[in-house]
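A.B. asks:
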Amino acid sequence: MKTEIDTNFYTETYLGKLGELTLKGGNIRVFEKQLLCNIRLALETVEAKVKLLSGRLYIYCTKNSCGAVEYALDHLIGITGWAKVQAVEKNLEAIKIAVRKEGEVAKSNGAKTFKIEARREDKDFPLNSYEIATEVAGVLFDDGTLDVDVHKPDVSINIEVREKCYVYCSQKKTCRGLPVGVSGKGLLLLSGGIDSPVAGYRMMRRGMKVECVYFHSYPYTSEEAQQKVQDLAKIIAQYGNDTHLNVISFTEVQMKIKQKTPEAYSTLMLRLCMMKAANMLAERINCDCIITGESLGQVASQTIENLAVTESFAEKPLVRPLIGLDKEEIMDTANFIGTYETSILPYEDCCVLFSPKHPVLRATIEEAKKIYDSMEIDFLIQKSFDERQIFRYSMRDVIGEKWSLKENF
Ligand code: ATP
Ligand code: MG
Numbered sequence: 001m002k003t004e005i006d007t008n009f010y011t012e013t014y015l016g017k018l019g020e021l022t023l024k025g026g027n028i029r030v031f032e033k034q035l036l037c038n039i040r041l042a043l044e045t046v047e048a049k050v051k052l053l054s055g056r057l058y059i060y061c062t063k064n065s066c067g068a069v070e071y072a073l074d075h076l077i078g079i080t081g082w083a084k085v086q087a088v089e090k091n092l093e094a095i096k097i098a099v100r101k102e103g104e105v106a107k108s109n110g111a112k113t114f115k116i117e118a119r120r121e122d123k124d125f126p127l128n129s130y131e132i133a134t135e136v137a138g139v140l141f142d143d144g145t146l147d148v149d150v151h152k153p154d155v156s157i158n159i160e161v162r163e164k165c166y167v168y169c170s171q172k173k174t175c176r177g178l179p180v181g182v183s184g185k186g187l188l189l190l191s192g193g194i195d196s197p198v199a200g201y202r203m204m205r206r207g208m209k210v211e212c213v214y215f216h217s218y219p220y221t222s223e224e225a226q227q228k229v230q231d232l233a234k235i236i237a238q239y240g241n242d243t244h245l246n247v248i249s250f251t252e253v254q255m256k257i258k259q260k261t262p263e264a265y266s267t268l269m270l271r272l273c274m275m276k277a278a279n280m281l282a283e284r285i286n287c288d289c290i291i292t293g294e295s296l297g298q299v300a301s302q303t304i305e306n307l308a309v310t311e312s313f314a315e316k317p318l319v320r321p322l323i324g325l326d327k328e329e330i331m332d333t334a335n336f337i338g339t340y341e342t343s344i345l346p347y348e349d350c351c352v353l354f355s356p357k358h359p360v361l362r363a364t365i366e367e368a369k370k371i372y373d374s375m376e377i378d379f380l381i382q383k384s385f386d387e388r389q390i391f392r393y394s395m396r397d398v399i400g401e402k403w404s405l406k407e408n409f
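Per full-length UniProt numbering, the very first residue in the sequence shown carries number 1; after that it's consecutive.
And the structure:
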């Protein structure tokens, strides 16, 4: 079914290139449908129409909506790049005018050389890709606007001849990956640190929907510490359209751990209690796995032995996407996704406040289980779970806050 877009109203056009999902063979429709659904949800309050046609995502919008559309495209997982394009009639004159415009913009941005990348999808168009490129290149170098450099040009000017002709210059790189929603749902243990938001994002990039849980110990941890985690949840929600942040108070649990556990084991016991609560939540909200931001050897609780102990308490697959990354690599991603500045705010986390001077480095599953059982703490975990608070964050709301909404919405 072909739905016509009213281009007098939706005057601006964006084009997104699909990434890895183009490799998905028979399943491709499922992936495409999810991608469309995600971008439509994100833009629900925006004057924009979205279409997917022969491996390209098209967004048509009003001038006022460009900011919101670009923001959504920057966060959309599943495309390798996007560009604002000129959509012109399929004739050489119109193409040349569009190419000239792109060339002048590139020149004013400092470019000296260019290359034409032409692509003819519509085989009825009389010129092939090579002929299009040679025909139109002249409009820029004949009068000295730009020089041709086919090997290392400052800009590539793209021409795609499809149902219309699309002309565009630079393409913005994006998040790539698989559209969120095609790979099940995971429960992310989200702390206020640098790592866990990155871990959530990594799984979203593999198509996983992510829900979050945070354990706090008010008044030992501050309200600001919780606010920081809420802010982080709001940032990562934007890559996956939405997320629920479950906030569980572990104050009583931590007090009990402190009373009943040899000091060296307190951090490990806290991790085990978190895992128990995460099991309950994952079951309740139908998550397929539990995700943490642990990285091998980063701190005492993350030796391979201690990781094995934590894992033995997980009732769903425990996924640790950062396990082999060092801090700098993690920080690079945190910067890219925009969580770093929030993560480094100096509010103490519950683990820090109760951490022992000399934590056990190589616990065994047997001894950890024995200590855990001796605490008789399950009822407290259940209570804290039952009293959890839930917050919801979504891309749609963020866009609604940043840009004014559609009338009557
Ligand atoms: P940092 O960047 O400080 O290492 P972190 O979030 O990785 O932050 P760690 O102490 O290394 O903190 O904790 C390892 C993992 O355990 C975290 O990545 C997170 O998944 C989980 N975790 C730790 N504390 C909490 C908490 N208070 N609430 C929820 N999950 C937590
Ligand atoms: Mg960490």
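Idealized CB from N, CA, C, for every residue including glycine.
#1: Any idea what DSSP makes of ARG271, helix, strand or coil?
#2: Which residues in the same chain have their Cβ closer than 6 Å to the Cβ of residue 437, if we skip the five residues on either side of it in sequence?
#3: So which of PHE313, PRO197 and VAL247 has the shortest CA-CA distance to CYS273?
#4: Should PHE31 be labelled buried (16 or more other beta-carbon atoms within 10 Å of its own) or exposed?
#5: Between ARG29 and the ligand ATP, is there a pair consisting of the residue's CB and a ligand heavy atom that are separated by less than 8 Å?
#6: Can you round the beta-carbon distance between LYS17 and GLY78 to whole angstroms, since I take them to be within the 8 Å contact cut?
#7: Kindly examine the ligand ATP and report whether one of its heavy atoms sits closer than 8 Å to the Cβ of SER312.
#8: Would you grab the beta carbon distance between GLU305 and ALA363 for me? Rounded to a whole angstrom, and I think it's under 8 Å.
#9: Would you report the Cα separation of GLY144 and PHE114, rounded to the nearest angstrom?
#10: Could you give the DSSP three-state label for TYR372: helix, strand or coil?
#11: Specify whether the stretch 240 to 260 and the stretch 163 to 175 touch according to this definition: at least 3 beta carbon pairs, one from each stretch, less than 8 Å apart.
#12: When you compare only the Cα positions, how much space is there between ARG388 and CYS212?
#13: Of all the beta strand (DSSP E) runs that stay within the bounds of the UniProt domain "THUMP" (67 to 172), which reach a length of 3 or more residues?
#14: CB-CB under 6 Å to VAL150, same chain, minus the five flanking residues each way: which ones, in chain order?
#15: Give the DSSP bridge partners of CYS61, in chain order.
#16: Output the distance between the C-alpha atoms of ASN27 and SER183, rounded to the nearest integer angstrom.
#17: Is any heavy atom in the ligand FMN found nearer than 8 Å to the beta carbon of VAL148?
#18: Would the beta-carbon of SER343 fall within 9 Å of that of GLY193?
#19: Since I believe LEU187 is in contact with SER196 (beta carbons under 8 Å), could you give me their beta-carbon distance rounded to a whole number of angstroms?
#20: Under DSSP, the alpha helix (DSSP H) around GLU312 begins and ends at which residues?
#21: Please identify the residue among THR45, GLU44, VAL46 and LYS51 whose C-alpha is closest to the C-alpha of LYS33.
#22: For GLY186, which residues does DSSP report across the bridge?
#23: The ligand ATP and VAL213: does the residue's C-beta get closer than 8 Å to at least one heavy atom of that ligand?
#24: Tell me the rounded alpha-carbon separation between MET1 and ASN8.
#25: Between TYR14, LEU15 and ILE39, which has its C-alpha nearest ARG396's C-alpha?
#26: Starting from the Cα of PRO153, find the closest Cα among GLU160, ALA308 and GLY110 and give me that residue.
#27: Where does GLN389 fall in DSSP's three states?
#28: For ILE399 and ALA42, which I take to be in contact (beta-carbon distance under 8 Å), what is that distance rounded to the nearest angstrom?
#29: In whole angstroms, what separates the C-alpha of SER394 from that of ILE381?
C.D. replies: The relevant details are as follows:
#1: helix
#2: Since the first and last residues shown for the chain are 1 and 409, residue 437 lies out of range.
#3: PHE313
#4: buried
#5: no
#6: That pair is no contact at about 10 Å.
#7: no
#8: 6 Å
#9: 12 Å
#10: helix
#11: no
#12: 12 Å
#13: 79 to 88, 113 to 120, 155 to 161 and 165 to 168
#14: LYS115
#15: GLU12 and ALA48
#16: 12 Å
#17: The ligand FMN is absent from the structure shown, which contains only the ligand ATP and the ligand MG.
#18: yes
#19: About 12 Å; that fails the 8 Å criterion.
#20: The sequence shown places Ser at residue 312, not Glu. Residues 304 to 312.
#21: LYS51
#22: VAL210 and CYS289
#23: yes
#24: The predicted position of MET1 is uncertain, since its pLDDT is 46 and thus under 50; a value taken from the coordinates is nonetheless stated next. If you take the alpha carbons of MET1 and ASN8, they lie about 21 Å apart.
#25: ILE39
#26: GLY110
#27: strand
#28: 7 Å
#29: 29 Å
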